[in-house]
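Engineer: Following this message is one structure expressed as structure tokens.
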Amino acid sequence: MKAIKEKANGIVFGVFEVIVGLLLLINPAGFTSAIIMLAGVALMVGGLIEIIKYFRTDPIEAAQGQMLVKGLVAVLAGGFCTFQTEWFIITFPVLTIMYGIVILLTGVMKIQLTVDMLRLKSPKWSWAGINAAISVICAAVILNAPFASTAVLWIFTGAALMVEGVFDLVTLFAYQRAKGEDLR
36 MKAIKEKANG IVFGVFEVIV GLLLLINPAG FTSAIIMLAG VALMVGGLIE IIKYFRTDPI
96 EAAQGQMLVK GLVAVLAGGF CTFQTEWFII TFPVLTIMYG IVILLTGVMK IQLTVDMLRL
156 KSPKWSWAGI NAAISVICAA VILNAPFAST AVLWIFTGAA LMVEGVFDLV TLFAYQRAKG
216 EDLR
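If you count by this note's numbering, then the sequence shown holds residues 36 to 219, one letter each, in order.
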């Protein structure tokens with residue numbers, strides 16, 4: 036059961052990377068704004084739920100749980116995300132640096148996977164190695180920010196996500212075969 040859950044998570048994540056990359060290529064500013072607004076709405080709804088829970092909970096228990104503060108902070112943060120999406124668009128280069136760091140860390144994890152596949156004597160270890168190299172190279176490019184504009188950075192980020200998503204899916208299936216697991 037654990038192996039099925041791991042495969043499903045890997046497949047969902049790989050497909051998610053490809054879809055997000057494609058959407059970033061099609062309309063980076065619009066997609067980013069929509070995601071930020073959706074996150075803002077989710078924060079506001081979650082915050083309102085916490086506020087309602089605060090007033091429906093026993094006063095002593097509610098005072099200890101800080102539900103009102105958590106709810107109010109979530110509503111305020113959600114309102115900022117929903118109504119100030121332009122701020123996030125302006126600070127996108129900083130967010131991209133954070134994305135570059137995450138890609139670098141996943142690249143390091145993919146190096147571990149490559150070595151694992153080599154030790155398992157998988158003939159497909161090279162896919163994992165290519166995937167790790169792509170992650171580390173993309174991270175290095177993003178962290179060095181050699182782009183003339185944010186739009187070019189978005190295009191590169193979208194393309195990198197799509198390539199990584201495809202390689203993640205191929206590597207997942209190759210790794211499962213190397214471990215001798217049934218893919219059905």
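We put the CB at the ideal spot given by N, CA and C, even for glycine.
Sort Gly-49, Ala-163 and Gly-193 by Cα distance to Ile-177 and report the nearest one.
Structural biologist: Gly-193
Engineer: Applying the criterion that 16 or more other CB atoms from any shown protein chain within 10 Å of the CB defines a buried residue, is Ile-132 buried or exposed?
Structural biologist: exposed
Engineer: Alpha carbons only, please: which of Val-50, Lys-42, Ala-43 and Thr-92 is nearest the one belonging to Val-201?
Structural biologist: Val-50 is the residue among Val-50, Lys-42, Ala-43 and Thr-92 whose C-alpha sits nearest the C-alpha of Val-201.
Engineer: Is it right to say Ala-180 is buried, meaning 16 or more other beta carbons lie within 10 angstroms of its own, or is it exposed?
Structural biologist: exposed
Engineer: Is the separation between the beta-carbon of Ala-109 and that of Leu-73 shorter than 9 Å?
Structural biologist: no
Engineer: Have a look at Leu-153, Gly-75, Thr-141 and Met-197 and flag the residue whose alpha-carbon is nearest the alpha-carbon of Ala-175.
Structural biologist: Out of Leu-153, Gly-75, Thr-141 and Met-197, Thr-141 has the C-alpha closest to the C-alpha of Ala-175.
Engineer: Quick one: what does DSSP say Thr-126 is sitting in, helix, strand or coil?
Structural biologist: coil
Engineer: With the cut-off set at 9 Å, would you say Met-152 and Tyr-210 are in Cβ contact?
Structural biologist: yes
Engineer: Classify Asn-166 as buried or exposed, calling it buried when 16 or more other Cβ atoms lie within 10 Å of its own Cβ.
Structural biologist: buried
Engineer: Could you check where the alpha helix (DSSP H) with Ser-170 kicks off and where it finishes?
Structural biologist: Boundaries of the alpha helix (DSSP H) harbouring Ser-170: 160-179, taken from the DSSP string.
Engineer: Tell me whether Ile-169 is buried or exposed, calling it buried when 16 or more other Cβ atoms sit within 10 Å of its Cβ.
Structural biologist: buried
Engineer: Could you tell me the alpha carbon to alpha carbon distance between Phe-191 and Leu-207, rounded to whole angstroms?
Structural biologist: Distance between the alpha carbons of Phe-191 and Leu-207 is about 24 Å.
Engineer: So with Cβ pairs under 9 Å, would you call Ala-180 a contact of chain C?
Structural biologist: Annotation note: the requested chain C is absent from the structure, which comprises a single protein chain.
Engineer: Tell me the residue span of the alpha helix (DSSP H) that contains Thr-67.
Structural biologist: In the DSSP assignment, Thr-67 falls within the alpha helix (DSSP H) that extends over 63-91.
Engineer: Starting from Leu-21, trace the alpha helix (DSSP H) both ways and give me its first and last residue.
Structural biologist: Residue 21 is absent from the structure shown; the chain starts at 36 and stops at 219.
Engineer: Please go through the same chain and pick out, in chain order, the residues whose beta-carbon is closer than 6 Å to the beta-carbon of Gly-81, but skip the five residues on each side of it.
Structural biologist: Sequence-distant Cβ neighbours of Gly-81 in its own chain, meaning closer than 6 Å and more than five residues away, are Ala-109.
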